[in-house]
Amino acid sequence: MKTLIKLTNLKKVFSTDEVETHALSDINLEVKQGEYLSISGPSGCGKSTLLSLLGLLDTSSGGSYNLNGHDVVDINGKQRAAIRNKEIGFVFQSFNLISELTVAENVALPLTYRKDLSKSQRKELVTAALEKVDMNHRTKHYPSQLSGGQQQRVAVARAIAGNPSIILADEPTGNLDSKNAELVMGLLDKLHAEGATICMVTHDPRGAKRAERVIDIFDGRIVSDSPTMPNQIEEAVA
Amino acid sequence: MTTGLTLCIYMFSFIHGTMVAPLPFENGDRIRAVDTINNGMEYQGTSFRVHDFEDLKKRVQSYEVFDAYDVATVNLSTSDRAVRYTGHYVKENFFEISDAKPLLGRLITNEDGLSGAEPVALISHTVWQNMFAGDKNILGKKLRINSKPTTVVGVMPDSYQFPSAGRIWMPFTTTGKGVDRKDGHYVAVYGVLKAGVTDKQADAELQVLMAELAENYPKLNSTISAHVWTLQAAAMGSGTPIIILAMELAVGFILLLACINVSNLLFSRATEKGKETAIRTALGAPRIRLVMQMMWESMLICVISGVLAVLFAGLWLEVANKDVLESFPFDPPFWWHLQITQTSLIAAVMITLVTAFITGILPALKATSGDFNATLRDGTRGAQSKASGRLSKVIVISEVVLSCALLLLSTGMVYSVNQQNNIDYGTTVEDIFTARVGLPEAGYESDEKRQQYYQNLAENLIAEPEISGVSFTRALPGNGARYENIALDNVDYGKQPQYPKTSSVGVDHNYFSVMEMNLREGRLFDSRDKNDSPLTAVVTDNFVNKFFKDGDVLGKRFKFVETDKDWYTVIGVVNDVIHGQPMSFNIEKPTAFISIQQIPKRYISVVIKTEADDAASVTGLSERVVDIALKVERDAPLYEVQTLRNLITGRNAGMNFISELFLVFAAASMVLAFSGIYGVMSNTIVQKTQEIGIRRALGADNSDIYKHFIKQGIKQLVIGLAFGLPMGVALVTMLEESSIAQGSLMLYFIIPTFISAVMLLAIYYPVQRALKMQPCSALRYE
Chain A
1 MKTLIKLTNL
11 KKVFSTDEVE
21 THALSDINLE
31 VKQGEYLSIS
41 GPSGCGKSTL
51 LSLLGLLDTS
61 SGGSYNLNGH
71 DVVDINGKQR
81 AAIRNKEIGF
91 VFQSFNLISE
101 LTVAENVALP
111 LTYRKDLSKS
121 QRKELVTAAL
131 EKVDMNHRTK
141 HYPSQLSGGQ
151 QQRVAVARAI
161 AGNPSIILAD
171 EPTGNLDSKN
181 AELVMGLLDK
191 LHAEGATICM
201 VTHDPRGAKR
211 AERVIDIFDG
221 RIVSDSPTMP
231 NQIEEAVA
Chain B
239 MTTGLTLCIY
249 MFSFIHGTMV
259 APLPFENGDR
269 IRAVDTINNG
279 MEYQGTSFRV
289 HDFEDLKKRV
299 QSYEVFDAYD
309 VATVNLSTSD
319 RAVRYTGHYV
329 KENFFEISDA
339 KPLLGRLITN
349 EDGLSGAEPV
359 ALISHTVWQN
369 MFAGDKNILG
379 KKLRINSKPT
389 TVVGVMPDSY
399 QFPSAGRIWM
409 PFTTTGKGVD
419 RKDGHYVAVY
429 GVLKAGVTDK
439 QADAELQVLM
449 AELAENYPKL
459 NSTISAHVWT
469 LQAAAMGSGT
479 PIIILAMELA
489 VGFILLLACI
499 NVSNLLFSRA
509 TEKGKETAIR
519 TALGAPRIRL
529 VMQMMWESML
539 ICVISGVLAV
549 LFAGLWLEVA
559 NKDVLESFPF
569 DPPFWWHLQI
579 TQTSLIAAVM
589 ITLVTAFITG
599 ILPALKATSG
609 DFNATLRDGT
619 RGAQSKASGR
629 LSKVIVISEV
639 VLSCALLLLS
649 TGMVYSVNQQ
659 NNIDYGTTVE
669 DIFTARVGLP
679 EAGYESDEKR
689 QQYYQNLAEN
699 LIAEPEISGV
709 SFTRALPGNG
719 ARYENIALDN
729 VDYGKQPQYP
739 KTSSVGVDHN
749 YFSVMEMNLR
759 EGRLFDSRDK
769 NDSPLTAVVT
779 DNFVNKFFKD
789 GDVLGKRFKF
799 VETDKDWYTV
809 IGVVNDVIHG
819 QPMSFNIEKP
829 TAFISIQQIP
839 KRYISVVIKT
849 EADDAASVTG
859 LSERVVDIAL
869 KVERDAPLYE
879 VQTLRNLITG
889 RNAGMNFISE
899 LFLVFAAASM
909 VLAFSGIYGV
919 MSNTIVQKTQ
929 EIGIRRALGA
939 DNSDIYKHFI
949 KQGIKQLVIG
959 LAFGLPMGVA
969 LVTMLEESSI
979 AQGSLMLYFI
989 IPTFISAVML
999 LAIYYPVQRA
1009 LKMQPCSALR
1019 YE
């Protein structure tokens, strides 16, 4: 399978006037196309920082990052934005829907930043994405009119609307009850089964075991990188 | 908030101190001036023909006291000098109603005015000090007043000024008895309303009586009515209410802007605390308690602002106004106490409390209303909810509406005064010296003697090397001229005539050349226009355009309805001249110049053309001019000796004062508009930092973010301008009718452009700040 992400000795250091905090050190990681990867670890270990670097939401302090064959460490803000828009779909713990926009407008948002899509194409993609998450009956609702699970399903639809190369999910079930969490995880499973590459940060062991591969981080370093056994996946799904 | 409250308290103190507070006399709240309105023009002071006054006095029922006084130039001569003062000719009750007590001697009594009584005068403290060095033995001394020996019977205290700053008081002897009605002297009428009688009732009674006079004397009174008003309102003038209204509107807008700004701050805090409030509500906190908690913040802000505002307003009233009032060419009315009074303080407390309530209540109610469960569930984590986003938009739009209207109003006023200060009066106003002179009755009874005096004065003045021209006029440019009813030849005005009016200005023959005016057609006055030759007039373009639309005016005749019985023949046409303040109604007035050689008057202005331009030369020349005039006539001192430019500037001092106030309003509104729009937009954008992070995470680059917020801002700007621009234009147009403000396309373009620029800056910098964050930091922003 094609390598989608390759990190080599990636570092992230947060500096204040007096203190340097090494959030990530010498991260080496490869993610293949179609993989379902979960990143686990205790709070503050650096997993969300890693996801931010993967999603080009932050810049690294050293090392290299190759995304879909392109070195993305030294590119400018505009190029980073373009890559985020086309290659990456985000699902956040707190959904991060824009409250002033309707469901359809929220899902269409990443598509509005593309110059290569016509209005009708955007509409088709939005409809398709909402159908996938079974939310096409709520297109005109505002986020505050939806339950948490519904909001997260809309967020998933937004993440997949532009057919990105990879979906980055940061604690996607963190704000949900178990029933809704299950619904969302099922949705990610379904997307993965359809070929999507998913990289998910979670500290829920059950959630982590649903991925094909689990990476554990501790104190900013990858301490284990192992595939999940099929029976573990089944247990987690059950 | 401090700016808004300062202006508000200042304006309240100003209006209360000048117009509302009762006069400091026992019946001060019931003292009224009664003035006339002739052909729609309001006249103040000596505006009643004495015959009319006497008729009214017999019949009015609304007053405890209804009387008249006269104001006239008084030439006071001692052995070594002569000084001109304003004299008041009064009756006994004049002093009674103004609670007057002499410093020395006694007051004027009614007996002093009886025929054959010895001429007596009461002098002011100023005259006593300046002319007699505070001589304790002044009582009983004889002075030469208007060439007549007059005995001093009393000295008034320094503080006494009623109804305006008087210097000398003498008995009122003016009467209509034995005088033809049309030749009747004009007097000022005042009264004390009976207890319980309202202005409306007194005014209604006056209208009935004036209508009867008009019916009885249609030729003289058909265009004259009268009205009753307080001395305070009369001192401010009839145009003042509209100015006060404009000021109140401006201050109201400024305070409202300040309230919106503070409200917005409180609202932002309330939004930030939205989750906390929702949690408190969920835990069972009563709404009233949450509202009160938030109200305390607005109370604290407003009380601190209120205290500062009282200090600033007091300082402004004490220091700034003192300088401004001293620059006025007249003594301000004695009741003008521009300071923070007890009433101002009470008002300040009330305004502050109301402001605190208005400022705090909306954010408090908004923050504690709505679905707290939704707030707790809202996944936007501290970003604006849909409802609060809508409110922010309303706030921004309100800021734009108010800023636009206020800036247009303020700048329209400033622009108008600036235009007035730079207007072409139709004559030269540079290198011209002017002075007033009033010839005493004694010795100058005949036209020939007056004419001789003018000739002698002109010859003596022109002998000075620095003087290149001397002339005389009854009304200088920029200063009021008589506005009289005229009758055109061959026009029948009917039984209830409504005569046209024109300014009438007596001038010497060389006036037009000295004042550099242009002859349009015909000829100017010359040796043919003598005392015994047929009366002639030179008229202005406005006169021709108004009364002879076909332009055929030369040789046509008109006469002044009230004062002259002979016809004047038009011999020439000159350019328009503005008499009075340069406001549209004065600019449009027609003028008829008549020859003072045909009708020489006792009171006249001297016009001196000079090359003296530096301050020392001007001072030296003015002293020499006064000396020369005293050598020509020792009982006729020149007064108000100054350059024409200074005279005009002084006349416009009131408008300039108002303009300066509006300049402060404009500056305050600019600061508030800038800080307000910037504050609201900045807060809105800061609250949307997380949204910016989301948009960036989804692929928006910097230009997409700028475009998004600019697009939103433009929508609010366009809606705001759509309301604010017409509102501002309407306000300016309303004031344009009174020549108080003037709009211009330039202003209508500049103000919206300024607001748009503020809006863009208010979007650009906060967005730029948010974009400096990494998207991941923006996403986590709380």
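Protein chains in written order, with the working numbering: chain A, 1 to 238; chain B, 239 to 1020.
We put the CB at the ideal spot given by N, CA and C, even for glycine.
In its own chain, which residues sit with a C-beta less than 6 Å from the C-beta of residue i, not counting the 5 before and 5 after it?
{"i": "Thr618(B)", "result": "Interpretation of Thr618(B) is limited by its pLDDT of 46, a score under 50 that renders its predicted location unreliable; no figure is taken from the coordinates."}
{"i": "His1022(B)", "result": "Outside the displayed span of chain B (239 to 1020) sits residue 1022(B), for which this structure offers no information."}
{"i": "Phe463(B)", "result": "A small fix is needed here, since residue 463(B) is Ser in this sequence, not Phe. The answer, listed in chain order, is Ile275 and Met448."}
{"i": "Asn824(B)", "result": "Ile816 and Gly818"}
{"i": "Val91(A)", "result": "Ala155, Val156, Ala159, Ala169 and Pro172"}
{"i": "Ile1023(B)", "result": "An answer regarding residue 1023(B) cannot be provided, because it is not within the stretch 239 to 1020 covered by chain B."}
{"i": "Arg122(A)", "result": "Ala108 and Leu111"}
{"i": "Thr927(B)", "result": "Ala1008, Ala1016 and Tyr1019"}
{"i": "Gly242(B)", "result": "Ile492, Leu493 and Ala496"}
Is there at least one Cβ from chain A nearer than 8 Å to residue i's Cβ?
{"i": "Ala938(B)", "result": "yes"}
{"i": "Gln1006(B)", "result": "no"}
{"i": "Gly617(B)", "result": "Because the pLDDT of Gly617(B) is 48, which lies under 50, any placement of that residue in the model is unreliable, and the number read from its coordinates should be weighed accordingly. Yes, Gly617(B) lies at the interface with chain A (some Cβ there is under 8 Å from its Cβ)."}
{"i": "Asp437(B)", "result": "no"}
{"i": "Glu486(B)", "result": "no"}
{"i": "Ile932(B)", "result": "yes"}
{"i": "Cys1014(B)", "result": "yes"}
{"i": "Glu929(B)", "result": "yes"}
{"i": "Ala605(B)", "result": "no"}
{"i": "Leu1017(B)", "result": "yes"}
{"i": "Ala232(B)", "result": "Because chain B is modelled from 239 through 1020, residue 232(B) falls outside the range shown and cannot be assessed."}
{"i": "Asp942(B)", "result": "yes"}
In its own chain, which residues sit with a C-beta less than 8 Å from the C-beta of residue i, not counting the 5 before and 5 after it?
{"i": "Tyr691(B)", "result": "Leu677, Tyr682, Val870, Glu871 and Ala874"}
{"i": "Pro232(B)", "result": "Nothing can be reported for residue 232(B), as the shown portion of chain B is limited to 239 through 1020."}
{"i": "Phe218(A)", "result": "Gly41, Pro42 and Cys45"}
Using 8 Å as the limit for Cβ to Cβ distance, is residue i near chain B?
{"i": "Ala82(A)", "result": "yes"}
{"i": "Ser224(A)", "result": "no"}
{"i": "Lys78(A)", "result": "yes"}
{"i": "Phe218(A)", "result": "no"}
{"i": "Phe14(A)", "result": "no"}
{"i": "Asn96(A)", "result": "yes"}
{"i": "Asn85(A)", "result": "yes"}
{"i": "Pro172(A)", "result": "no"}
What residues in its chain sit with their C-beta under 7 Å from that of residue i, if we drop five residues either side in the sequence?
{"i": "Pro260(B)", "result": "Gly266 and Asp267"}
{"i": "Ile932(B)", "result": "Leu1017"}
{"i": "Cys221(B)", "result": "Nothing can be reported for residue 221(B): it is not among the residues displayed for chain B, which extend from 239 to 1020."}
Counting only beta-carbon separations shorter than 8 Å, does residue i have a partner in chain C?
{"i": "Leu109(A)", "result": "The displayed structure is made up of protein chains A and B, and chain C is not among them."}
For this session: Entirely within the segment 90-166 of chain A and at least 4 residues each: give me those alpha helix (DSSP H) ranges in chain order.
Result: 103-112, 119-132 and 148-160
For this session: Would you check if there are 3 or more beta carbon pairs closer than 8 Å linking the segment 942-949 of chain B to the segment 160-173 of chain A?
Result: no
Exercise. Quick one: any contact between the segment 425-434 of chain B and the segment 289-304 of chain B, if contact means 3 or more CB pairs under 8 Å?
Worked result: yes
Exercise. Listed in chain order, which residues of the segment 112-126 of chain A have Cβ atoms closer than 9 Å to some Cβ of chain B?
Worked result: Thr112, Tyr113 and Arg114
Exercise. Closer than 8 Å, Cβ to any Cβ of chain A: which residues of the segment 508-539 of chain B, in chain order?
Worked result: none
For this session: Select from the segment 45-70 of chain A all residues with a C-beta closer than 9 Å to any C-beta belonging to chain B, and list them in chain order.
Result: Ser48, Thr49, Leu51, Ser52, Leu53, Gly55, Leu56, Leu57, Asp58 and Thr59
For this session: With a floor of 3 residues, list each beta strand (DSSP E) that falls wholly inside the segment 736-789 of chain B, ordered by position along the chain.
Result: 739-745, 757-760 and 774-778
For this session: Check whether the segment 393-404 of chain B touches the segment 363-372 of chain B, counting contact only when three or more Cβ pairs, one atom from each stretch, lie closer than 8 Å.
Result: yes
Exercise. Which runs of the alpha helix (DSSP H) fall wholly inside the segment 275-303 of chain B and span at least 4 residues, in chain order?
Worked result: 288-297
For this session: Would you list, in sequence order, the uninterrupted beta strand (DSSP E) runs of no fewer than 3 residues that lie entirely inside the segment 646-707 of chain B?
Result: 670-676
Exercise. Would you call the segment 118-133 of chain A and the segment 33-51 of chain A in contact, with 3 or more CB pairs under 8 Å?
Worked result: no
Exercise. Between the segment 417-441 of chain B and chain A, which residues of the former have a C-beta closer than 7 Å to a C-beta of the latter?
Worked result: none
For this session: Jot down the residue ranges of each uninterrupted alpha helix (DSSP H) in the segment 827-903 of chain B, minimum 4 residues, whole runs only, in chain order.
Result: 853-870 and 882-889
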